[in-house]
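Trainee:
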Amino acid sequence: MNTLKTIIVAVIVSALITAGGIWYYDQHYATKIAVIDMSGYIGKLKKEYLAGKLPKQELEKRLRSLSAQISKTNSSNTVLILKEVVVSGKVQDYTPQTLADTEAH
40 MNTLKTIIVA VIVSALITAG GIWYYDQHYA TKIAVIDMSG YIGKLKKEYL AGKLPKQELE
100 KRLRSLSAQI SKTNSSNTVL ILKEVVVSGK VQDYTPQTLA DTEAH
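The sequence shown maps to residues 40 to 144 in my numbering.
Below you can see the structure in the form of structure tokens.
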């Protein structure tokens with residue numbers, strides 16, 4: 040009976056350590072793929088700029104800050120690919136913020 044208890048505890052501990060290791064690997068090392076709709080983002084910015092909702096300085100600032108937005112939102116092990124290139128697959132969709140998005144939040 041004591042041997043059975045030891046085996047059960049060993050199996051449970053082993054399963055927990057394995058699950059924890061897999062979770063840690065997935066969160067910190069496994070490469071994730073996300074898509075970004077750059078043409079849609081540029082189109083939104085252009086639309087806001089032409090409608091007079093977005094001053095030229097703000098437009099330039101948003102274009103320069105795109106890299107910072109991406110770094111802040113995605114982890115270092117995330118690869119961004121243009122949405123136009125991805126045919127199918129279960130990938131995360133990244134959408135940069137535009138003026139309309141900031142006003143909605």
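C-beta: ideal position from N, C-alpha, C; glycine also.
In this text the structure is predicted, and so the values were computed from the model without any measurement.
For a quick check, are the C-beta atoms of T21 and D76 less than 8 Å apart?
Mentor: Any property of residue 21 remains undetermined from this structure, which presents the chain solely from 40 to 144.
Trainee: Compare the beta carbon distance of K71 and T117 with 8 Å and say whether it is the shorter of the two.
Mentor: Yes, they are a contact pair.
Trainee: Report the residue ranges of all alpha helix (DSSP H) runs contained in full by the segment 89-118; include only those spanning at least 4 residues, in chain order.
Mentor: Counting whole runs of 4 or more residues, the segment 89-118 contains the alpha helix (DSSP H) stretches 95-112.
Trainee: Pick out whichever of N113, S127, V124 and I120 has its Cα sitting closest to the Cα of H37.
Mentor: Because residue 37 is not part of the residues shown, which for the chain are 40 to 144, the question remains open.
Trainee: Per DSSP, what kind of secondary structure is Q131 in: helix, strand or coil?
Mentor: Three-state DSSP puts Q131 in a strand.
Trainee: Is K122 helix, strand or coil by DSSP?
Mentor: Coil at K122, not helix or strand.
Trainee: Considering only residues of the same chain and omitting the five flanking positions on each side of V125, which have a CB-CB separation below 7 Å?
Mentor: Once the five neighbours on either side are set aside, the close Cβ partners of V125 are V74.
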